[in-house]
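Chains as they are written, first to last, in the working numbering: chain A, 1 to 371; chain B, 372 to 481.
Ideal Cβ placement from N, Cα and C applies to all residues, glycine included.
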């Protein structure tokens, strides 16, 4: 029987939540790396026992941890993230040039073909690659140096490369997203990159339709439809049907189109999940109600999913990497909140139950579906 | 060997690390003992520390610049050595192992 392992990164450590395929009874282990911020942890699809974790603190900087036994034991690997060459400057909050400075790893994306290869999206925005299980890291400098880098500017959370999506049908293609620069695509395994932000409109930047400068919060893709992308932008939920060449808005009837997370059903490429957040001034769910919104039409038409979720006096946020889906026949959906709850649905969002209620604030949620 | 148990010019010194770094390096004792070539300086202590515990690289001083991380502090013989040059010679009591070099996480963040 299949089973599920949920990997949870929080502000004070990592937790692993394990269940069988019924997804009713959960065993919680952790905290791992107690006291450290765990921005992200993720398992390899090639070797599910291979996990990578980003561990950081304001005091001691960045550490990358690796497990080869499904999280039972961990060992620190390489943490030297050196920008290639002279990194130059990006824009600071006031528009003045500011030197590139490494701060932390936001996202770790294991390769789809090799467990020892993993990508790291970092702040200040750049993409690094390790081909030796995290021991050493090399920047894919073509992204930072492709030309628009000096125009990139930090969002409120810093200038972070937070989304890395590998195209399962094309090993040369990958997508990344940066706050606040936008989305970018490579078609040659990271050597060269292009901005893919046509159709994005951001009223809060000097040129609302600029080539770069958009605060993209997250992007999701269904593995069988790799050319179709869904984006939660700062404001607006967007869709692209041409691998990011153009985008159109699909916010439709959402109560607010501000938010962070977005994900796609494991078996239905037109079924999309978001968690609307009230606004960029008030980072919590609207009306005190925690609701996931689901579209079965690839956007525009959204239904509120609230069964099992608090519908009164709830003021949590759900951050950009804190939602994931499993691959079981009846797709499971998982998300974590700033209040430390991790909710699970074993029926594609129709109903929800909390796996745990009182973890530290959740930064990321990933799921492994294990045989 | 000298009477103090060190080979000529090599000092056995004591270093106390913050809790999170002891966990990271899987150090169970409150202090670690390191052999450091005289003259004993913070730079030489950190070189020896990182050689024995590579996972501590980048956690006390920055990769690349080698500068102390902003919220890490050094104390020796009840004096703040955080702003001393990394190549300044540490007090004799630290060099002789009578006092530890304290590496602390600054109290910050409220």
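Distance between residue j and residue i (C-alpha atoms, nearest Å)
i: residue 331 (chain A); j: residue 351 (chain A); result: 12 Å
i: residue 218 (chain A); j: residue 399 (chain B); result: 41 Å
i: residue 141 (chain A); j: residue 474 (chain B); result: 35 Å
i: residue 36 (chain A); j: residue 143 (chain A); result: 29 Å
i: residue 69 (chain A); j: residue 14 (chain A); result: 16 Å
i: residue 87 (chain A); j: residue 38 (chain A); result: 26 Å
i: residue 12 (chain A); j: residue 220 (chain A); result: 26 Å
i: residue 314 (chain A); j: residue 288 (chain A); result: 4 Å
i: residue 286 (chain A); j: residue 279 (chain A); result: 9 Å
i: residue 376 (chain B); j: residue 383 (chain B); result: Legend: pLDDT at residue 376 (chain B) = 46, less than 50; position of this residue unreliable, value from coordinates given subsequently. So the alpha carbons of these two residues sit roughly 8 Å apart.
i: residue 160 (chain A); j: residue 46 (chain A); result: 27 Å
i: residue 405 (chain A); j: residue 171 (chain A); result: Only positions 1 to 371 of chain A appear in the structure, and residue 405 (chain A) is not among them; the question remains open.
i: residue 153 (chain A); j: residue 216 (chain A); result: 12 Å
i: residue 58 (chain A); j: residue 402 (chain B); result: 23 Å
i: residue 1 (chain A); j: residue 23 (chain A); result: 12 Å
i: residue 274 (chain A); j: residue 324 (chain A); result: 11 Å
i: residue 368 (chain A); j: residue 43 (chain A); result: 7 Å
i: residue 222 (chain A); j: residue 234 (chain A); result: 21 Å
i: residue 334 (chain A); j: residue 300 (chain A); result: 22 Å
i: residue 412 (chain B); j: residue 356 (chain A); result: 48 Å
i: residue 318 (chain A); j: residue 7 (chain A); result: 15 Å
i: residue 129 (chain A); j: residue 119 (chain A); result: 4 Å
i: residue 261 (chain A); j: residue 188 (chain A); result: 28 Å
i: residue 112 (chain A); j: residue 100 (chain A); result: 30 Å
i: residue 454 (chain B); j: residue 470 (chain B); result: 19 Å
i: residue 468 (chain B); j: residue 430 (chain B); result: 24 Å
Beta-carbon separation (whole angstroms), residue i vs residue j, contact threshold 8 Å
i: residue 198 (chain A); j: residue 245 (chain A); result: 7 Å
i: residue 71 (chain A); j: residue 40 (chain A); result: Actually they are not in contact, since the Cβ atoms of residue 71 (chain A) and residue 40 (chain A) sit about 14 Å apart, beyond 8 Å.
i: residue 64 (chain A); j: residue 121 (chain A); result: The pair is not a contact, with the Cβ atoms about 13 Å apart (cut-off 8 Å).
i: residue 361 (chain A); j: residue 338 (chain A); result: 5 Å
i: residue 193 (chain A); j: residue 254 (chain A); result: At roughly 31 Å, the Cβ-Cβ gap does not stay under 8 Å, so residue 193 (chain A) and residue 254 (chain A) are not in contact.
Limits of the beta strand (DSSP E) - the one that residue i falls within
i: residue 227 (chain A); result: 225-233
i: residue 13 (chain A); result: 13-20
Cβ shell of residue i (< 7 Å), same chain only, five flanking positions each side left out
i: residue 358 (chain A); result: 340
i: residue 438 (chain B); result: 432
i: residue 20 (chain A); result: 1 and 3
Interface partners of residue i on chain B, CB under 9 Å
i: residue 67 (chain A); result: Correct list: empty, because the minimum Cβ distance to chain B is about 14 Å.
i: residue 63 (chain A); result: 395, 426, 429 and 430
Closer than 9 Å at the beta carbon, the chain A residues around residue i
i: residue 442 (chain B); result: 57, 58, 59 and 60
Beta-carbon proximity list for residue i, same chain, < 6 Å, skipping 5 on both sides
i: residue 18 (chain A); result: 5 and 27
i: residue 374 (chain B); result: Caution is warranted here: a pLDDT of 44 is assigned to residue 374 (chain B), below 50, making its placement in the model unreliable, and no coordinate value can be reported.
i: residue 311 (chain A); result: 289
Extent of the continuous alpha helix (DSSP H) run through residue i
i: residue 395 (chain B); result: 390-395
Chain A residues whose Cβ lies nearer than 7 Å to that of residue i
i: residue 435 (chain B); result: 82
i: residue 476 (chain B); result: 59
Contacts of residue i in chain A (Cβ-Cβ under 8 Å)
i: residue 391 (chain B); result: 35, 36, 57, 59 and 60
Amino acids of chain B, ordered along the chain, whose beta-carbon sits closer than 7 Å to that of residue i
i: residue 76 (chain A); result: 395 and 426
i: residue 317 (chain A); result: Within chain B, no residue comes near residue 317 (chain A); the closest Cβ sits about 20 Å away, beyond 7 Å.
8 Å Cβ shell around residue i - same chain, five flanking residues per side excluded
i: residue 148 (chain A); result: 181, 195, 211 and 212
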